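Encoded as structure tokens, the structure appears first; notes follow it.
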Amino acid sequence: MRKGKKKLLTIGTSLFLTASLFAGCSSNSTNTKEASSESTTNSNSNTSTPAPEASEATGIDTSKKVELQFYMLGDAPKDLNLIQDEVNKMALEDLNATVKFNFTTWTDWESKYKLLLSSGQPIDLIFTAEWTNYQSYAVKGAFLPLDDLLPKAAPKLQAYVPQDFWEAVKVDKKIYTVPAIWKEYVNDGIAYREDLRKKYNLPKPESLETLEQYLDGIRKNEPDMLPLADTEVSHVDSIRQMTTTTVNTNDKVPYGLNIMYDTPRDVTSYWGSPQHLEDLKMFRSWQEKGYFMKNMLNIKDSGSDIFAAGKAAAILGSENPNRFGDAVVKVKSLHPDWELGYSPYPNMKGFSSPVHPIHNGFAIPRSSKNPERALAFYEKLVTDKRYNWLTQYGIEGKHFEIEDGKYYKMLGDAQSNGFTREGMNGWAWRNPEFMLFDKSYQAVLDMFDEMDKIAKPNIFQGFGEDWTSYQAEKAALLQVEKQYLYPLNDGMVKDVEAGLKLFMEKAKKAGLDKIQAEYTKQWLQYLDDANIK
């Protein structure tokens, strides 16, 4: 790939599995840094992009003014209303539409997301991913198919997204989401205070053993600092990523199942196993040693925010390379003398997997009253630099500035800045041609290059679960988890063995065996269809 050509990940099949794909990922890896640097240079021209006429941009009727309801996951940035007002000035002129940006918050987002899609309330655009069960909701008819809408309402977007990406996100041969096109790795890792590690001569946390040594050193030398920032149960799956070759390389296998990458047909139960008991006893010891916060189930702030604020020395869950890169910028703005380190789980387990195109996307729910206008607006977010920069970086001169002609520089610090980089969680409409990076982000791009070297095809994210036959049991099991398993995961139960026994009894009563059996059946059928041995 010659210098200056934008880096896109090409998918060979809709399942994102073939060897040619894997080779393609690796061969492109050396251009990540060049493409990123060059793309920002080319897009940072001071020449403004003229606003196109609505009639030129779309083939849709824009005679009636509408307000679009746009739903994102997570927490809203402080200056959201300011950004929304600026976006609406353009959208009103271009599409005779305004948009209302809504956020779920991270607290209990799964229940809120489910309610949004089942309540029938008007929603025009909503975030999708494999971790929000995109495939399952698509199968259930929660989203409108986009195949006929795209050429009419968003022809530029349709042409810009590579055809193999459209193929990759199809469910039952229909497109239900607009995929992101920036190649990235979202495998998690341990983010930690490197300056404290050096200060107290602690080992790098690159294994379970060295992690415990690091946490113990922090506890002894910094008694007023929280060793771990993790809230709720994010650390549980992180330990599985650290110590096993679990098939799902950036999240978890649900319902307490064990599925390993090299033996995906060997499906067993982790819940209730000797290893599960051993892990829970370890979490109890961590709570007793003071590694965890005492009331972590009731904490409203995310672990990432707690870590970025400097209240904890490390975080195990939900800290992928991009989040880590953002944390570096935020911490640097508040504490220039601090240094952060990162240990990716792929380095511990021996392989990584680039994201499947379904990992970040936007769909139009069936409850939308303005599907054509919604898709036309989303086209603007992706392909129009004015919309893209405004919703990704904020207002130039107020929230950020361009440094050395090509780098993003946050103005103020993480507390005073009302719209930090990607402040709207706009991962899905990243455009490689417009992306801006802080100088420190080079470390993340270097990480991606290293992950390219150990990359394996992602064999999990093409799988779409259909829980129709066990929907009631699934809901009951979730309540059992929250009541009986979460306290075990957080080390709050003194008699771990008795606590696990009680959880398993309650889980089986809720329908665990039925759920695991049906899920396993679907998984094996998926492997057969995808010809995965």
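When the letters of the sequence shown are read in order and numbered with mature numbering (1 follows the signal peptide of the UniProt record, and there is no 0), they come out as residues -23 to -1, 1 to 510.
Think of the CB as a built atom: it goes at the ideal place given N, C-alpha and C, for glycine as much as any other residue.
Note that this is a predicted model, so its numbers are computed, not measured.
- Give the DSSP-derived three-state secondary structure of residue 261 in the structure shown. helix
- Message: Do residue 374 and residue 397 count as a contact pair if the criterion is CB distance below 9 angstroms?
- Response: With contacts defined by Cβ atoms closer than 9 angstroms, residue 397 and residue 374 do not form a contacting pair.
- Message: On the criterion of 16 or more Cβ atoms from any shown chain inside 10 Å, does residue 229 qualify as buried, or is it exposed?
- Response: buried
- For residue 207, does the count of other Cβ atoms within 10 angstroms reach 16, so buried, or fall short, so exposed? buried
- Item | Environment of residue 36 [buried if 16+ CB atoms lie within 10 Å] | By the neighbour-count rule (16 or more Cβ atoms within 10 Å), residue 36 is not buried but exposed.
- Query: Mind checking residue -3: buried by the 16 CB within 10 Å criterion, or exposed?
  - Reply: For residue -3, the predicted model reports a pLDDT of 36, less than 50, meaning its position is unreliable; a value from the coordinates is still stated below. Buried is the call here.
- Message: In the DSSP output, which residue or residues are listed as bridge partners for residue 156?
- Response: 338
- Message: Can you look up residue 166 in the DSSP assignment and give me helix, strand or coil?
- Response: strand
- Query: Would DSSP call residue 243 helix, strand or coil?
  - Reply: strand
- How would you call residue 389, buried or exposed, if buried means at least 16 neighbouring beta carbons within 10 angstroms? exposed
- Item | First through last residue of the beta strand (DSSP E) which encompasses residue 485 | Run containing residue 485: none in the beta strand (DSSP E); it sits in the alpha helix (DSSP H), 473 to 487.
- Item | Contact the segment 110 to 125 vs the segment 148 to 155: 3+ CB pairs below 8 angstroms | yes
- Would you check if the segment 374 to 384 and the segment 288 to 297 touch, i.e. whether three or more CB-CB distances between them fall below 8 angstroms? The segment 288 to 297 makes no contact with the segment 374 to 384; the number of CB pairs closer than 8 angstroms stays below 3.
- Item | residue 438 (DSSP reduced to helix, strand or coil) | coil
- Message: Within a Cβ cutoff of 6 angstroms, which residues of the same chain sit near residue 364, ignoring the five residues on either side of it in sequence?
- Response: Within the same chain, residue 364 has close Cβ partners 357 and 358.
- Message: With three or more beta-carbon pairs closer than 8 angstroms as the criterion, would you say the segment 102 to 118 touches the segment 438 to 446?
- Response: yes
- Below 9 angstroms between beta carbons: does that hold for residue 97 and residue 257? no
- Message: Rounded to whole angstroms, what is the Cα-Cα separation between residue 171 and residue 195?
- Response: 11 angstroms
- Whole-angstrom distance between residue 232 and residue 321, CA atom to CA atom: Cα atoms of residue 321 and residue 232: separation of roughly 25 angstroms, rounded to the nearest angstrom.
- Compare the C-alpha of residue 175 against each of 203, 160, 318 and 40 and name the closest. Comparing alpha-carbon positions, the option among 203, 160, 318 and 40 lying closest to residue 175 turns out to be 318.
- Three-state secondary structure assigned by DSSP to residue 275: helix
- Message: When you compare the CB positions of residue 261 and residue 471, do they come within less than 9 angstroms of one another, or not?
- Response: Closer than 9 angstroms, so yes.
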